[in-house]
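Numbering (our numbering), first residue to last: 1465 to 1714.
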């Protein structure tokens, strides 16, 4: 009651008439505020379920394209939380191995969640969480990239090489795109992959894999991480100097 209408107008940027049109009166605005805070903060205040296999989660978080779900993988399971906090799914029964967490991504239509850890692939339907598929691909540290409604890109990295595969949906036999040498981090989109080889950043097309990779930059200090923009025209790199550098890949 001590907050004046002028105070509310100054804080919201709305005029008096707009404020009344949107909320009716000060009491209605007061009642709306906590509800809106709760709605917007559900992901921030949600805690990972206290279950075995979900330790050290949130190393690889993914939103479903429709915005309804967020998934964070652990060592043995994947947890999916509805953005309204109305549903929580704990999926998977992976066997713990070598401290490697699961990599997980939603399908483009948000109707399924696909996961991979060291070549062990699972697919669950959403929102019921029923397992639709389990199979094997090449072992190694993996990255999953959404490419189309009917396919995923799997990148499997070993210490000195990386393997790119196209995995169809519904799940079938993956097809090989190609493999390449690498000595450091990599980042991929549906179009291309950026990677480090012999202290130089390269970008290679995944649409035309036989084309010669493009040399982007030779680096003094080896990057500890890379990020390729969605349109594959810019590479960002970070190294031990704690600087982020941007390189044109166009």
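Backbone N, C-alpha and C fix where the C-beta goes; we use that ideal spot for every residue, glycine too.
| Local conformation of residue 1480 per DSSP, three classes | Position 16 of the chain shown, counting from 1, holds the residue named residue 1480. Residue 1480 falls in the helix class under three-state DSSP.
| message | For residue 1611, which residues in the same chain have their Cβ closer than 7 angstroms to its Cβ, ignoring the five residues on either side in sequence? | response | As a first step, residue 1611 must be located in the chain shown, where it is residue number 147. The beta carbon of residue 1611 sits closer than 7 angstroms to the beta carbons of 1617, 1654 from its chain, once the five residues preceding and following it are set aside; these are given in chain order.
| query | Nearest CA to the CA of residue 1554: which residue from 1537, 1488, 1700? | reply | Counting from one through the chain shown, the residue named residue 1554 turns up at place 90. Comparing Cα-Cα distances from residue 1554 to each of 1537, 1488, 1700, the minimum goes to 1537.
| said: Quick check: the Cα distance between residue 1675 and residue 1642, rounded to an integer number of angstroms? | reply: Position 211 of the chain shown, counting from 1, holds the residue named residue 1675. Position 178 of the chain shown, counting from 1, holds the residue named residue 1642. Residue 1675 and residue 1642: Cα-Cα distance of roughly 11 angstroms.
| message | With H, G and I counted as helix, E and B as strand and the rest as coil, what does DSSP make of residue 1564? | response | Along the chain shown, one-based indexing puts residue 1564 at 100. In this structure, residue 1564 counts as coil in the three-state DSSP scheme.
| request: Tell me where the beta strand (DSSP E) around residue 1709 begins and ends. | output: Along the chain shown, one-based indexing puts residue 1709 at 245. Here the beta strand (DSSP E) through residue 1709 covers 1708-1712.
| query | When the distance is taken between beta carbons, is residue 1568 closer than 8 angstroms to residue 1579? | reply | Residue mapping note: residue 1579 aligns to position 115 of the chain shown, counting from 1. Residue mapping note: residue 1568 aligns to position 104 of the chain shown, counting from 1. A contact, by the Cβ cut-off of 8 angstroms.
| task | Could you work out which residue in 1680, 1677, 1694, 1702 is closest to residue 1686 when comparing CA atoms only? | result | The residue you call residue 1686 lines up with position 222 of the chain shown. Ranking the options by Cα distance to residue 1686, first place goes to 1702.
| said: Distance check for residue 1649 and residue 1628, CA to CA, integer angstroms please. | reply: Locating residue 1628 in the chain shown gives position 164, where the first residue counts as 1. Locating residue 1649 in the chain shown gives position 185, where the first residue counts as 1. Taken atom to atom, the span from the alpha-carbon of residue 1628 to that of residue 1649 is near 15 angstroms.
| Which residues in the same chain as residue 1594 place their Cβ atom closer than 8 angstroms to its Cβ, once the five residues preceding and following it in sequence are excluded? | Residue numbering aside, residue 1594 sits at position 130 when the chain shown is read from its first letter. Around residue 1594: 1588.
| Around the Cβ of residue 1528, are there at least 16 other Cβ atoms within 10 angstroms (buried) or fewer (exposed)? | The residue you call residue 1528 lines up with position 64 of the chain shown. The residue is buried, with at least 16 neighbouring Cβ atoms inside 10 Å.
| message | I'd like the list of long-range same chain contacts for residue 1607, defined as Cβ closer than 7 angstroms, with 5 residues on each side in sequence excluded. | response | Start at 1 with the first residue of the chain shown, and residue 1607 comes out as number 143. Apart from sequence neighbours up to five positions away, the residues of its chain that approach residue 1607 with a beta-carbon distance below 7 angstroms are 1567, 1619, 1652, ordered along the chain.
| message | If distances are taken between C-alpha atoms only, which option among 1577, 1576, 1632, 1624 comes closest to residue 1601? | response | The count along the chain shown starts at 1 and reaches residue 1601 at position 137. It is 1632.
| request: Please say whether residue 1556 and residue 1532 have beta carbons closer to each other than 8 angstroms? | output: Start at 1 with the first residue of the chain shown, and residue 1532 comes out as number 68. Start at 1 with the first residue of the chain shown, and residue 1556 comes out as number 92. Result no, Cβ atoms of residue 1532 and residue 1556 do not sit closer than 8 angstroms.
| message | Going by C-alpha to C-alpha distance, which of 1671, 1678, 1639 sits closest to residue 1658? | response | Here residue 1658 refers to the residue found at position 194 when the chain shown is read from its first residue. Residue 1678 is the option with its Cα nearest to residue 1658.
| query | Who are the Cβ neighbours of residue 1630 in its own chain at under 7 angstroms, not counting the five residues just before and after it? | reply | Position 166 of the chain shown, counting from 1, holds the residue named residue 1630. Residues of the same chain with a CB within less than 7 angstroms of the CB of residue 1630, apart from the 5 flanking positions on each side, are 1615, 1617, 1638, 1639, 1641 in chain order.
| query | How would you call residue 1543, buried or exposed, if buried means at least 16 neighbouring beta carbons within 10 angstroms? | reply | One-based indexing of the chain shown puts residue 1543 at position 79. Answer is buried; the Cβ neighbour count reaches 16.
| Buried/exposed call for residue 1470, threshold 16 Cβ in 10 Å | Position 6 of the chain shown holds residue 1470. Burial call: exposed.
| field | The beta strand (DSSP E) enclosing residue 1554, as first and last residue numbers | value | Position 90 of the chain shown, counting from 1, holds the residue named residue 1554. Segment 1552-1555, the beta strand (DSSP E) holding residue 1554.
| query | Could you give the residue range of the beta strand (DSSP E) that holds residue 1546? | reply | Taking the chain shown and counting its residues from 1, one reaches residue 1546 at position 82. Residue 1546 -> beta strand (DSSP E) spans 1542-1546.
| field | Three-way DSSP call (helix, strand, coil) for residue 1645 in this model | value | As a first step, residue 1645 must be located in the chain shown, where it is residue number 181. Correct three-state label for residue 1645: strand.
| request: Identify whether residue 1524 lies in helix, strand or coil by the three-state DSSP scheme. | output: Your numbering for residue 1524 matches position 60 in the chain shown. Coil at residue 1524, not helix or strand.
| query | If we ignore side chains and look at the alpha-carbon of each, how far apart do residue 1707 and residue 1488 end up? | reply | If you number the chain shown from 1, residue 1707 lands on position 243. If you number the chain shown from 1, residue 1488 lands on position 24. Answer to the nearest angstrom: the Cα atoms are 50 angstroms apart.
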